[in-house]
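Counted the way full-length UniProt numbering counts, the sequence shown spans residues 1 to 228. Input: a single structure, listed below in structure tokens.
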Amino acid sequence: MGVTEAVTTPSPHEPPLPPDKPGGSAGGITPADIRDGAAVALVIGVAGVLLGVLWAWLAPKAQYVSNGEAVFLKNSESEARIGADGTFFLLSLGFGVLSAVLVFLWRRRGGVPLAVGLAIGSCFASLVGWRTGLWLGPSSDVAAAAVKAGKGVAFDAPLQLLAQGVLLVWPMVAVAVHLGLTALWTPPDEDPSEEAGDAWAVYPPPHVHGAPAPAPSDDPSAPEPPRA
């Protein structure tokens with residue numbers, strides 16, 4: 001019959017566990033993080049109105065002219081239509097950088113909810129800015145505008161986005177800049193293994209019969225090891 005080794009009862013001084021993050025488990029997503037992400041998405045989405053206003057104001061406009069029967073471009077070599085895309089691109093680029101910096105300054109710790117809220121809000125803001133610019137710009141009813149202007153009189157053509165891909169500039173730039181700022185300036189989280197090591201340094205593990213006794217500690221405040 002085999003002989004089993006007796007194990008002493010663990011010390012009542014249990015080592016402390018690594019501290020959890022406030023409001024949730026260590027490394028988890030808390031309700032406060034979700035609320036912050038939703039707030040970011042809402043505020044940035046509303047900011048798309050400003051993008052639309054600036055686009056309608058700053059974008060170069062092509063001009064049409066009517067001969068009484070049909071409508072033609074006044075200058076067929078004009079680059080105004082491409083310039084409207086370029087203006088939207090540059091404005092979206094600036095708004096993307098600005099929104100990422102503001103979100104980072106507001107919540108330096110970063111996190112997945114903030115990045116998701118930033119991406120969703122930026123996508124919505126681009127759509128809002130596009131539709132707002134079309135609404136504030138020249139009328140999309142070219143026939144009615146030609147009749148109103150009269151024969152041989154030039155009038156502004158409605159705004160258009162020839163390259164729909166520029167709608168993704170704001171969210172792509174915002175997320176990339178925010179992740180870069182978070183990686184560069186946010187301090188790393190403490191390693192839980194180091195915290196556990198510090199705890200066992202103060203509270204040694206229970207002694208097993210038959211194993212060599214632990215060396216006595218020089219620290220007078222350290223608790224005595226349990227006896228067999």
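All C-beta atoms, glycine included, are put in the ideal place defined by N, C-alpha and C.
Return the CA-CA distance between residue i and residue j, expressed in angstroms with no decimal places.
i                 : j                 : result
glycine 150       : phenylalanine 104 : 53 Å
glycine 48        : leucine 168       : 13 Å
residue 230       : alanine 174       : Only positions 1 to 228 of the chain appear in this structure, which leaves residue 230 out of reach.
proline 113       : alanine 41        : 10 Å
leucine 127       : lysine 148        : 30 Å
isoleucine 44     : alanine 115       : 12 Å
valine 65         : tryptophan 106    : 50 Å
tryptophan 170    : cysteine 123      : 7 Å
glycine 111       : alanine 32        : 11 Å
proline 10        : glycine 96        : Unreliable positioning characterises proline 10 in this predicted model, as indicated by a pLDDT of 48, which lies under 50. The coordinate reading is nonetheless provided below. Roughly 57 Å separates the two Cα atoms.
residue 248       : leucine 179       : Shown here, the chain extends from 1 to 228; a query on residue 248 therefore has no answer.
leucine 159       : leucine 58        : 11 Å
residue 241       : alanine 56        : No statement about residue 241 is possible, as the shown extent of the chain runs from 1 to 228 and does not include it.
glycine 94        : tryptophan 135    : 22 Å
serine 139        : alanine 62        : 13 Å
glycine 117       : glycine 83        : 30 Å
phenylalanine 155 : glycine 137       : 12 Å
If we count the other Cβ atoms within 10 Å of its Cβ and call it buried at 16 or more, is residue i buried or exposed?
i           : result
glycine 37  : buried
valine 177  : buried
glycine 129 : buried
alanine 146 : buried
glycine 52  : buried
leucine 184 : exposed
glycine 28  : exposed
leucine 162 : exposed
leucine 70  : Reading off the sequence, residue 70 comes out as alanine, not leucine. It counts as exposed.
alanine 144 : exposed
Would you say the beta carbon of residue i is closer than 6 Å to some non-hydrogen atom of the ligand HEM?
i           : result
leucine 181 : Among the components of this structure there are no ligands whatsoever, and the ligand HEM is therefore not found.
In the DSSP assignment, the beta strand (DSSP E) including residue i goes from what residue to what residue?
i         : result
valine 65 : 63-66
Starting from the Cα of residue i, find the closest Cα among the options and give me that residue.
i             : options                          : result
glycine 86    : His178, Val175 and Gly165        : Gly165
threonine 182 : Asp156, Val97, Arg109 and Ile34  : Arg109
valine 142    : Ile34, Leu184 and Leu73          : Leu73
proline 60    : Asn67, Ala80 and Ala70           : Ala80
leucine 50    : Gln63, Phe88 and Ala70           : Phe88
glycine 121   : Thr186, Ala157 and Met172        : Met172
valine 153    : Leu102, Asn67, Thr186 and Arg131 : Asn67
Span of the alpha helix (DSSP H) holding residue i?
i           : result
alanine 47  : 31-58
alanine 100 : 80-106
valine 116  : 112-136
proline 171 : 169-185
alanine 144 : 142-149
Shorter than 7 Å from the beta carbon of residue i to some beta carbon of chain B?
i             : result
threonine 182 : Here chain B cannot be found, since the structure has a single protein chain.
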